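Notes for the one structure printed next.
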Amino acid sequence: MLWVILLLFSGILLYFSLSYRTRSKREPPLDKGSIPWLGHALEFGKDAAKFLTRMKLKHGDIFTVRVAGRYVTILLDPNSYDSVLQNTTYLDFSRYAQVLMDRIFNLRLPNHKPDTEKTIMKRYFQGESLSNLNQIMQNHLRTLLTLEMAGQNRPDWKCDGLFGLSFLSPFRAGYLTLFGGEQNRNCTDAANVYKEYQKFDGLLIKLARTTLNSGEKQTVGLAKTRLWELLAQAGLRKNSSSWIQSYRQHLQEEGADEETQRKAMLLQLWATQGNVGPCAFWLLAFLLTHTEAMRAVKREFESVTVPSTAMLDPKQHTPVFDSALEETLRLTAAPFITREVLQNTTLYMADGREYDVRRGDRVCLFPFISPQMDPDIHHEPEKFKYDRFLKADGSVKRDFFKGGRRLKYYTMPWGAGTNACVGKPFAIQSIRQFVFLVLFHLDMKLCDPEAQVPEVDASRYGFGMVQPNTELLIQYKFREQPCVL
Ligand code: HEM
123 MLWVILLLFS GILLYFSLSY RTRSKREPPL DKGSIPWLGH ALEFGKDAAK FLTRMKLKHG
183 DIFTVRVAGR YVTILLDPNS YDSVLQNTTY LDFSRYAQVL MDRIFNLRLP NHKPDTEKTI
243 MKRYFQGESL SNLNQIMQNH LRTLLTLEMA GQNRPDWKCD GLFGLSFLSP FRAGYLTLFG
303 GEQNRNCTDA ANVYKEYQKF DGLLIKLART TLNSGEKQTV GLAKTRLWEL LAQAGLRKNS
363 SSWIQSYRQH LQEEGADEET QRKAMLLQLW ATQGNVGPCA FWLLAFLLTH TEAMRAVKRE
423 FESVTVPSTA MLDPKQHTPV FDSALEETLR LTAAPFITRE VLQNTTLYMA DGREYDVRRG
483 DRVCLFPFIS PQMDPDIHHE PEKFKYDRFL KADGSVKRDF FKGGRRLKYY TMPWGAGTNA
543 CVGKPFAIQS IRQFVFLVLF HLDMKLCDPE AQVPEVDASR YGFGMVQPNT ELLIQYKFRE
603 QPCVL
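Each number in the numbering used here comes from the position in the sequence shown (counting from 1) with 122 added on.
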C-alpha cells in the first residue's frame, strides 16, 4: 500500500515538475497543451500549418507553445521578423542545426565551422563559377533527357507520375554536376543514388522527430549506409565540382575522418538536391492545371530561346517565369526558421510591443502562414496566380503591405538573414532550365483533364519544400520537332 502511495506521489510530482511553468507579464501568451511533457507535439507534427493557424487565431501573432518538453515561441508577424533575424548574439542558428545534423545524418563534425563552410560555398555559387555550374547542369539535364528520348518509342504517349519525373531528372543532373560520378549511358551511379535517396527522404521527417518504428529505423539505416558508400568518392574524383572538392579538403583539414566525411557528403546532397525536384513538380503541376499561366510562360520562353542551340539564354530575363516560380514557392515552400535562445532576451515587435524570451527556449518563424498565406498581404492566398509578382507593365512587383507598412519580407521561401539559402541563384536557374527543356521537348497533358494539383503531405510542413500526398498522373511523348509553343 505504501508503495502505491509513494508511486502515486512521485507521479504527481513528476507531472507538476514537467508542467510547471507560468507566464510572466512580459512574456508571450503561453499554451502548454493538456498532455504533460508532450504538450502540443502530436498536433504540431501532424499538420504544423493547421495547428499554428489555430494558435494564431487564439493568441495572436506571437505565442509560446510546449512541444515535446521544449518551449517554442512562434512569431508570425513579418514586420517583426528582423527582431529575430538580426539578433545573432542571443539567438543562435547553429545549435539546433547541429541537433538535426546528428539526428538525421549521424553527423558530428570536429571543429564545426559553419561560417567557413558558407564562405567556401559562396565562392563557388556566384559569378564566373556559378555560370560554369549552370552550364554543366544544363548539359547534364539535356543529356539525361536525350538519353530518355532515345529509349522511347517516340510517337507513343507514356503515362507517368509528375512528381517522380520532376524529382528524378534535376536530382540526377544536380548530383552529376556537384558530386561528380560515373556518367555512362544508363547513368547507373546517379540513378542508384536517387533510388536510395528516395528511401531516405521518405522517412526523413520521422527521423528528424525521432518517431521511427523499428522497421523504419532499419530501412532508413540501410539507405543511409548505402548512400555513404555511393558518396564515398564525391569530392575526391576529378569530375566533382570545385565546391565539393574544396569542402572535402576543408573537412580533412579540420580532422574529420573518412566516415565523417561521407556523412557530411549526404548532408550536402540533401541540402542541394532535396528542394529543387519538389519545386519543379509544383511549378509544372500549377502550369498544367492553369492554362493561361502555361500559355504565358511558353510565350515568354519562345521569345528568349536561342534558335541555333534551342536553349535558353541564361542572361535573358524571364519575369513571367520568375513570377510563376515565386508564386509556386509562396504556396509550397514552408521552412521553419528556428533559433535557440542562448541568453534571456527581448523581442521587439514592429508595433512597439516587447516580449521576453527565456534562455534554453527556441524561437521559430513560420513565414508560410505570414507573409505567404496571409490574406491581409496576398489577395486570395490559396489561389495560384502566376502574375502575382508582376506589375501591370510587366516589371517585377515588390510592393506588398501589411497594416499599412510596406513589407521587407512578402514571401520567404529561401529563408532570410545570415542563414538564407546560398544556392538560390543556382536553384532558380536549374528549375528554369528543367521546365524549359520539358516544355520544349515534351508534349505533356494530365491523364485526367479535370485533375487538380494534389494536396500536400501535411507532416512535411517546416522542412523546406512540401511534397504532394499523391502523384499527379500525366501523359507525355517526345516531340518530333522540339518547340515551346
Ligand atoms: C527550390 C530550391 C531551394 C529552396 C526552396 C531552398 C531553401 C532554403 C532555405 C529556406 C534555407 C534556410 C534554412 C534555415 O534558415 O534553416 C536554405 C539554406 C541553404 N540552402 Fe537552400 N534551398 C533550395 C535549393 C538549394 C540549392 C540548389 C543549394 C545548393 C546548391 C542550396 C544550398 C543551401 C545551403 C548551403 C543552405 C544553408 C545556409 C546556412 O546554413 O547558412 N539550397 N535553403
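Where is the CB? At the ideal position from N, CA and C, for every residue including glycine. All values derive from a computational prediction rather than experimental measurement.
Beta-carbon spacing of residue i, residue j below 8 Å
i    : j    : result
L451 : P535 : yes
L255 : S291 : no
N233 : G377 : yes
D169 : A455 : no
T299 : M259 : yes
V479 : L487 : no
A446 : V575 : no
A432 : P604 : yes
G161 : G155 : yes
S362 : A356 : yes
K240 : V578 : no
V398 : I553 : yes
P151 : H181 : yes
E593 : L325 : no
A472 : S202 : yes
R294 : A272 : no
I499 : L453 : no
F403 : F289 : yes
Y508 : E449 : yes
Own chain partners of residue i with C-beta closer than 8 Å, once the 5 adjacent residues on each side are dropped
i    : result
P547 : F247, Q248, L252
K599 : Q274, R276, P277, D278, W279, K280, L564, D565
Nearest-angstrom Cβ-Cβ length linking residue i and residue j, presumed shorter than 8 Å
i    : j    : result
E394 : L231 : At residue 394 the sequence reads Thr, which differs from the Glu that was named. That belief does not hold up - the Cβ atoms of T394 and L231 are roughly 17 Å apart, past 8 Å.
S364 : P441 : Not quite, the Cβ-Cβ distance comes to about 32 Å (not below 8 Å), so this is no contact.
D496 : K519 : Actually they are not in contact, since the Cβ atoms of D496 and K519 sit about 16 Å apart, beyond 8 Å.
G537 : I459 : 6 Å
R475 : R461 : Going by Cβ atoms, the distance from R475 to R461 rounds to 19 Å, so no, they are not a contact pair.
F511 : H412 : Rounded, the Cβ-Cβ distance is 15 Å, inconsistent with contact.
L391 : R225 : Not quite, the Cβ-Cβ distance comes to about 17 Å (not below 8 Å), so this is no contact.
Residues bridged to residue i (per DSSP)
i    : result
T468 : D478
P457 : G584
E462 : D214, R484
G161 : V189
G283 : L595
F523 : R528
D237 : DSSP lists no partner for D237.
I184 : L197
L352 : According to DSSP, L352 bridges with nothing at all.
K567 : Q597
V315 : Bridge partners of V315: none, in fact.
D153 : V187
T427 : L434
Close beta carbons around residue i, own chain, < 6 Å, minus the five adjacent residues each side
i    : result
F423 : F558, V606
W350 : R384
V189 : G161, H162, A163, F166
M387 : L353, A356
7 Å CB neighbourhood of residue i in its chain, flanking five on each side removed
i    : result
K178 : L198, I491
R582 : I327, V588, Q589
Chain D contact for residue i (CB, 8 Å cutoff)
i    : result
F522 : The displayed structure is made up of one protein chain only, and chain D is not part of it.
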